[in-house]
Each structure stands twice: as C-alpha cells, then as structure tokens.
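Quick mapping for you: the protein sequence lines, in order, are chains A and B. For the record, in the first sequence the residue sitting at position 472 is 813 according to the numbering used here, with numbers rising by one throughout. For the record, in the second sequence the residue sitting at position 23 is 615 according to the numbering used here, with numbers rising by one throughout. Built from N, CA and C at the ideal position, the CB exists for glycine as well.
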Amino acid sequence: MKRWALLATVLSLVALATVPTPARAQAKDTLTVALVSHAPTLDPHMHFERVGILVNINMFDSLIHRNTKLEFEPSLATSWKPLSDTQWEFKLRKGVRFHNGETMSGEDVKYSFDRVLDQTKKSPQYGNIRAIKDVRVVNPETVHIFTDKPFPLLLERLVFFPIVPKKHVETVGDQAFGTTSPVGTGPWKFVEWKRDQFIRLEAFDQHWRGRPAFKHLVIRAIPEIATQVAEIKTGGVDIIRNVSADLVPELKTHPQAYISSTPILRVHYVELDMRSAPFDKKAVRQAANYAIDKQTIIQKLMAGLGRQAATTVQPMAFGFDPEVKPYAYDPKKAKELLAQAGYPNGVDITLHSAFIEFRPVFEALSQMLTEVGIRTNPRMWDPGPAWNKFLQTEGKATNGYYGSWGNYSVFDADAVLHPLYHTEPGGWIGKWYTRIEGLDRLIDEARSTVDQPRRKRTYSQIQQMIREEAPAIFLWTQFDTLAISKKVQYAARGDEWLWLFDAKPAAR
Amino acid sequence: MLTLLARRVVRLVVVLAGVSLVTFAILHVSGDPVSLMMPEAPEADRAALRQAMGFNDPLALQFGRFVRNIARGDFGQSFFHREPALPLVLHRMPTTLLLAVLAMGLSLGVAVPVGILSAVRRNSLFDHGATFAVFLGTSMPVFWTGIMLILLLAVQLRVLPVSGWESWAALVLPTLTLATFSTPLLLRIVRSSMLDVINLDYVRTARAKGVSEWFVICRHALINAALPLVTVAGLQFGLLLGGAVITETVFAVPGVGRLIVGAIRQLDFPIVQAGVFLLALIVVLVNFAVDMLYIYLNPQIRVR
Chain A
342 MKRWALLATV LSLVALATVP TPARAQAKDT LTVALVSHAP TLDPHMHFER VGILVNINMF
402 DSLIHRNTKL EFEPSLATSW KPLSDTQWEF KLRKGVRFHN GETMSGEDVK YSFDRVLDQT
462 KKSPQYGNIR AIKDVRVVNP ETVHIFTDKP FPLLLERLVF FPIVPKKHVE TVGDQAFGTT
522 SPVGTGPWKF VEWKRDQFIR LEAFDQHWRG RPAFKHLVIR AIPEIATQVA EIKTGGVDII
582 RNVSADLVPE LKTHPQAYIS STPILRVHYV ELDMRSAPFD KKAVRQAANY AIDKQTIIQK
642 LMAGLGRQAA TTVQPMAFGF DPEVKPYAYD PKKAKELLAQ AGYPNGVDIT LHSAFIEFRP
702 VFEALSQMLT EVGIRTNPRM WDPGPAWNKF LQTEGKATNG YYGSWGNYSV FDADAVLHPL
762 YHTEPGGWIG KWYTRIEGLD RLIDEARSTV DQPRRKRTYS QIQQMIREEA PAIFLWTQFD
822 TLAISKKVQY AARGDEWLWL FDAKPAAR
Chain B
593 MLTLLARRVV RLVVVLAGVS LVTFAILHVS GDPVSLMMPE APEADRAALR QAMGFNDPLA
653 LQFGRFVRNI ARGDFGQSFF HREPALPLVL HRMPTTLLLA VLAMGLSLGV AVPVGILSAV
713 RRNSLFDHGA TFAVFLGTSM PVFWTGIMLI LLLAVQLRVL PVSGWESWAA LVLPTLTLAT
773 FSTPLLLRIV RSSMLDVINL DYVRTARAKG VSEWFVICRH ALINAALPLV TVAGLQFGLL
833 LGGAVITETV FAVPGVGRLI VGAIRQLDFP IVQAGVFLLA LIVVLVNFAV DMLYIYLNPQ
893 IRVR
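Printed below as a string of structure tokens:
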C-alpha cells in the first residue's frame, strides 16, 4: 500500500507542476479572439504567417495605415511624396511613444528596414521589400527611401511594415524581442505569451490614436473550427474568423453571435494547362468558362458570400478594369465552341484541387463541365508536401487545378499577374501551365514604372488579353467571414485585418 | 536478473534506432521542406537554403549526421520556430503526459469495478449494458467523441469549459474523450480474467473456508487479472499518447501531439523527429516498467 501512496504523491506533484495557469480576465473590458495558431515569434519581421500578422498589427504601427474603406491613411508617416522615380520622402509623426516610453524617430524607421534587408538575419519578409536599396534619415522626422528601380508597389508594401524600436531591440537581442519583450507603438502592449495557448495584451495608454475601447486583449490559439464555434456560442471567445459557408446559417441565427462578411482580395479560379489537349485550344478554354453557372454556386454553396470575377484581377486591386466583363453562363455556346474546336462528342479531363473547404464547389463545377461535354474527373488532394511537389515543382497538375490567390494583401494587379502568369522561374503558374504570347512583356512593362495612369492602361490591356485567351476558368472573389459575439461591435475588413482598435463593446 | 535487464535495455536501443530511421526516411521521401518554408520565393533563394541546410547531401550522410547529433541531445533547429527542437518538445511533454496518465487512470478506475461487477453478474442487464456503452465509446472516432462531448457538456449544459488548458475544469473533457477510447479493452480483460478463475478450485476453497465473497473476489480472483491488465495497459498507454494528438487539437491543449501535427504539415523535420523519438522513448520505458512490474507480480518469471 505504501508503494501506491508514494506513486500517487509523485503523480500529484507532477500534475501540480503542469496544470493550473488560471485566470484570464474574463470581464467586460476584455476582448477575446480565436486564431487557429500563433506565429512562431512575435517579432514582426521574422515570420510570414497570417496569424502572426494579425497579432502584430495590433502591437506595431507601420508608416501607412488603411482605413475601413481601404484607402491609405497616415500612420507613423504623416505625409509622403515621390521625389523622383526611385526616391520617396516620408515625414514622420512627432511625439509617438513606444510601449517602453521611448520616442519613435527616423532612426527606428531606418533600423527596421535595415534589419529586414540584412540578409544575414534571414528575414522571411526580405522578398517583399528587396526593391528598397537604402533608407536615409534626413532629420529625426524625415526619412528618404530609395528603390533600385521604379517600384510601384512601395506604398502597398509599407502598409504592413512594422517599425520596431532600435535601442530596445539592440539591448535585448532579436530572440528576446520575439518571445518575451516585443515592444512597438501600436494600441496594445504585450503582457504575456503562453505558447500554443494565448497571447495577452493590454491597452497602451499613450498610444497616439488614443486608447482602444477594451482594456485587455486575449488572442487564443484554437486549431479546430468546431471548437471555435462552440466557444463563440458559450461566450468563451468574442471573434472568430474564416467561418465556412456551411456554418454561416446557424451562427447568423444564434442568439449570442452575428456574422460579418466582406469581399476580400482572394480570387478563385481553375487554372488550365495550356501545354496539352484539350486546353491548348482557346475555344475549349472559353467553352469551359461558359459552362459554369457561377451565380448558382455562389448562392447555393457559398451562402451568397462571393462575387463573380471577370479575370484573376480583383475589383479592389489597382488596375482593375470594370469594362472587362465576366463570362456569362451559356452552356449552349459552350457546346458549340467545343464542337468548333474538334470535340463534338466531348472530351475527358482531370482537374485537381487541394482546397478542402471548397470541395462541394469543386465537385459542382466538375459536374457543370461534364454536362456540356467536358467530362471531368475531379481529384481531391490533401494540402501538404505531396500536393506542392505535384503542382509546383513538377508541374504535373494537368489538365488543371482549382486554386486561389490572396495577392499578399497588396491591392495591385501586379501582385496577382506577376506571381501567377509570368514565365520567369518562381512564377507559380506561368512557370508551367500558362503560355500567352506577349503577356510577359506587358506585365514587365506595367511594373517598371510608377506612372499610375500608364500602368492602369497597360493593366486594362492585360485583362482584355487574359479574358480573351482564358488561361483559367475565372470564378469569383471570396469573402472573409467573421463570427462575432453580440457583446462586441466590429466589422470585417476587405484586407482581412483584425484591426481591433476599432472594436467596441456593443451599446446595450 | 541482470541478463534480463540487459536484454531489455538492448531492446530499448534497437526500437529507438528503428523509430528514428523510419521517421527520417518517411519525412525525406514525402516532399521538399524548402518549398514549404519559402513557398513564394524564387528558385534561386530556395536552392541556396537547400544547400545551406544540407539537404543536397546523400541521405546516408544526412542520417549519420542525425544520429551523431541526437546522441548529444541535439535535434537541430526547428525550421518554423527557429529555436532548438528538443526544448520545444520537452516544454510541452508534461502536458501530454498528464493528459495520457489521467485518461489511463480514469480508464482503469472505470474498467476495474465495472469489469468485476460484469464478471460477478455475468450476462445480467448490467453486464450487457456496460459492454454496450463502453464499446460505443471505442467505436466512435476520438475526434467525434470530443466534439460531441463539447456540444453536450459545454454548449448545451454549460457545466464545463469548451477548450483550453487553463483550469482544472478544462482537463475534464479531454480526459473523458481519451478515456472512452481505452476503457473497453481493459474492461473486457478484467471481466474475462475474473471469469477464468471465479469458479476454480482454489477460489472455491477460499469460499469454503468462510471468507467473505468480496474478499474472495478482490484478493484471489482479481489478482489473476493483474498480469494481462498491466500488459495491455502498458500497450494502451502508447495508443493514448497517439490519441492525444487528436484530442489536443480538438480541445486546444498545448501538448506535444498538436506540435507534431503542425510540424508534419510544415515538414518541420527537427520537431517531428524530436517529438516522435521522445514519444517512442516514453512508450518503451513504460513497457519496460510493465516488464519489471511483471516480475514483481509473478515470481515465476524471474526464473526463466
């Protein structure tokens, strides 16, 4: 018996050492948000996870901010102008304090850019700003940014480029900065981070915009969406994101929650392999576009949360041309085009997808294609290494695959056209599947100048070309759907940001 | 006795070597980790990283390097977290172990009394009912059981928190979910071991001597169940550690299983290797302990 008592005591001690990490302030002044995971570090320059960005934007400011209408707004920079094709001037806001009391100045701005541009630091965001050659501090309130070539995306990239405190980071070191003492100028300051559990933040009294409405912000890591939904229903969490269409009806009518949904930059398409039959023929590609009843799919399978797209350039991106119209649903025309192309009895193809949440949509559109004679075998994949290899490294996703593109949150047509269609190595689709005469040249032209009107014209040209050539079945832009507790007032944003400074307790 | 010990230790080392080899081989065959680390980077950058991380060396060389390092306790740097892999895994290990131990404790706590009662009242309503209920638990996938329990106990009845690991109450649902998985086998073992001996001569002798029925059961009959129970419990513990992976994901528990699942998706080799290796080590150690317990429970084994 004594042996069991000893064992029991040892186990209890072990248990005590591991469990209770109690008490988050589950009070009216606490806002709790659920994400599927946390980024590996709180250092905003050393990761490229969306979940990390969502936390970072609340703790750090960038030079430029976007308002709810997605227009540029002064943030740490109060004004900016181009001095030449490759030089920009930014005037900085005075009297901005970091969470540790220090004042922000041009030195911190330069330091922030330098640490990402410094290749020895291996920042995953280096690729985003590699066009920046140098940052010079003219005086504590003015910086000049030099790019090596005209870089039309500069302002876009600066919307998420957090400024970090030079002295503090140099004192505590990069490692500690990302784990135990992240310091920024944002509306919330760091309190605690329990790995895989929660990040606790507190309102920063001296934030230059003023104090946020909530005193505490807790960001929990809950990997399973069903669990997140259960938490919203019981009040354990106030905001969840990425609510899929099938969960929308029950949350819309739940007494304690509501849905907020808005179109975002993500566009869906079925990219077609132009190297081989039948999609080497334009008529067949166009037929595929006429075959899909996009409106019905959006209404019935996506709870109405989508908007038809004419090409892969999204309506909210700079360069979008509203004159380019989406393909209508016309199965008769599709059959005619197929016959013209030499397939009067139809043709057999295979389509691939790793987009699990949109599986019903994928199967529905395969069915629609089959109905006009493009007999489709829909193949679902598990997203992961095998799929990536198949799609990107080996270019084997014939005859096409269902994909989506988020533009890296850059509201510019270049951010979809270049990565997708350019044939230079590193382009996703252009590397293997798309071959359109003259497209490369036009894309290069549009990105090598900062003359916006001229770029707009080139992008119109490109969109017309793409629509005509139909390298993809163009589908729709996606919505971002949040489920929010009725105790909180907040609205989803078109850039998918959780800008929690705007969240307020609901008026009773 | 010493040869017995030595044999067991050799077995331990062989199993661990096998586990690391298999983990290493599978991970390297399933894809290119660099394209997961930098999916949207130009090929030139990726090739450079591949070279720097030694992925271009022959596999045998990479494995040799791996074995040399783990002998020193170095499982490498996690690609995703950019920190040494072993401490990341060790930090979360107590949580997973606690969950597994509690689930095993609950399983045994249910399996033993219910098994005894089922054996004593064999073929009664209680017996059939208990068997049915418990097999229902094992037939349902852990994932589903977990979510159903959340919906019932947390959302409908509001008696427990939905998820997390921040209070004693939060431990209940994950433990319950895992325990439904391992209880049935243990229960059947208790029941059948008891039935084997309950009418044998030596038990009848004890009854004839005037010993009370319950004492007969617990002291004489139950001890027969001890050996198989302990064996299976040891093996089940390994399964529980595996089941903890899913349970941790559903209940947002900050354990090793959840870490490993994320690492597999991201092809974060060092974490998967460190995690799987450590879990294998624990399972082998637990079964080693079971072997030792055997010897204590059944002196006849010592002779062989």
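Please state if the CB of residue j and the CB of residue i are separated by a distance shorter than 8 Å.
i                     : j                     : result
residue 620 (chain A) : residue 740 (chain A) : yes
residue 478 (chain A) : residue 451 (chain A) : yes
residue 639 (chain A) : residue 706 (chain A) : no
residue 853 (chain A) : residue 563 (chain A) : Any answer about residue 853 (chain A) is impossible in this case: the structure gives chain A only from 342 up to 849.
residue 631 (chain A) : residue 671 (chain A) : yes
residue 713 (chain A) : residue 628 (chain A) : yes
residue 774 (chain A) : residue 744 (chain A) : no
residue 400 (chain A) : residue 523 (chain A) : yes
residue 767 (chain B) : residue 737 (chain B) : no
residue 375 (chain A) : residue 572 (chain A) : yes
residue 586 (chain A) : residue 644 (chain A) : yes
residue 809 (chain B) : residue 712 (chain B) : yes
residue 754 (chain A) : residue 654 (chain A) : yes
residue 678 (chain B) : residue 798 (chain B) : no
residue 437 (chain A) : residue 417 (chain A) : yes
residue 380 (chain A) : residue 388 (chain A) : yes
residue 694 (chain A) : residue 719 (chain A) : yes
residue 910 (chain B) : residue 691 (chain B) : In the structure as shown, chain B starts at 593 and stops at 896, and residue 910 (chain B) therefore has no counterpart that could be examined.
residue 793 (chain A) : residue 665 (chain A) : no
residue 545 (chain A) : residue 530 (chain A) : yes
residue 813 (chain A) : residue 499 (chain A) : no
residue 756 (chain B) : residue 538 (chain A) : yes
Interface residues of chain A around residue i at Cβ under 7 Å?
i                     : result
residue 754 (chain B) : 568, 571, 572, 575, 577
residue 739 (chain B) : 567
residue 750 (chain B) : 575
Closer than 7 Å by beta-carbon distance: list the chain B residues that pair up with residue i, in chain order.
i                     : result
residue 563 (chain A) : 755, 844
Under 8 Å between beta-carbons, which chain B residues line up against residue i? List them in chain order, please.
i                     : result
residue 378 (chain A) : 854
Taking C-beta pairs closer than 9 Å, name the residues in chain B that residue i reaches, listed in chain order.
i                     : result
residue 381 (chain A) : 670, 672, 673, 674, 675
Under 9 Å between beta-carbons, which chain A residues line up against residue i? List them in chain order, please.
i                     : result
residue 864 (chain B) : Per Cβ cutoff of 9 Å: no residues; residue 864 (chain B) is ~12 Å from chain A at best.
Below 8 Å on C-beta distance, what does residue i contact in chain A?
i                     : result
residue 747 (chain B) : 571, 574, 575
residue 743 (chain B) : 571
residue 642 (chain B) : The premise fails here: residue 642 (chain B) is roughly 12 Å from chain A at the closest Cβ pair, so nothing lies under 8 Å.
residue 850 (chain B) : 537, 564
Do we get a CB-CB distance below 8 Å when we pair residue i with the residues of chain C?
i                     : result
residue 659 (chain A) : Although the question refers to chain C, the structure presented lacks it and instead comprises the protein chains A and B.
Exercise for the section: Check distances from the C-beta atoms of the region 822-844 of chain B to those of chain A and list, in chain order, the residues that come in under 8 Å. Expected result: 841, 842, 843, 844
Handout entry: chain A contacts from the region 645-662 of chain B (Cβ-Cβ distance under 9 Å)
Key = none
Handout entry: Three or more C-beta pairs below 8 Å linking the region 466-486 of chain A and the region 423-443 of chain A
Key = yes
Problem - Segment contact, 8 Å Cβ cut-off, at least three pairs: the region 666-679 of chain B with the region 829-845 of chain B - result: no
Problem - Meets three-Cβ-pair contact criterion under 8 Å: the region 818-836 of chain B and the region 787-800 of chain B - result: no
Handout entry: Touching by the beta-carbon criterion (3+ pairs, under 8 Å), the region 546-560 of chain A and the region 835-842 of chain A
Key = yes
Practice task
Determine contact between the region 696-704 of chain A and the region 658-672 of chain A, defined as no fewer than three beta-carbon pairs at a distance below 8 Å.
Solution key: no
Practice task
Could you pull out every unbroken alpha helix (DSSP H) segment of at least 4 residues lying fully inside the region 729-782 of chain A, listed in chain order?
Solution key: 755-762
Exercise for the section: Any chance you could list the beta strand (DSSP E) runs of at least 3 consecutive residues sitting entirely within the region 761-845 of chain B, in chain order? Expected result: none
Exercise for the section: Please list the segments of the beta strand (DSSP E) lying wholly inside the region 487-554 of chain A, counting only runs of 3 or more residues, in order along the chain. Expected result: 529-535, 539-544
Handout entry: Contact the region 778-789 of chain A vs the region 594-609 of chain B: 3+ CB pairs below 8 Å
Key = no
Problem - Uninterrupted beta strand (DSSP E) stretches inside the region 639-718 of chain A (no shorter than 3 residues) - result: 647-649, 688-694
Problem - Segments assigned alpha helix (DSSP H), at least 4 residues, entirely inside the region 603-644 of chain A - result: 623-632, 635-642
Handout entry: Secondary structure, beta strand (DSSP E): runs of 3+ residues fully inside the region 367-403 of chain A
Key = 371-376
Practice task
Examine the Cβ distances between the region 769-783 of chain B and the region 582-602 of chain A and report whether three or more of them are shorter than 8 Å.
Solution key: no
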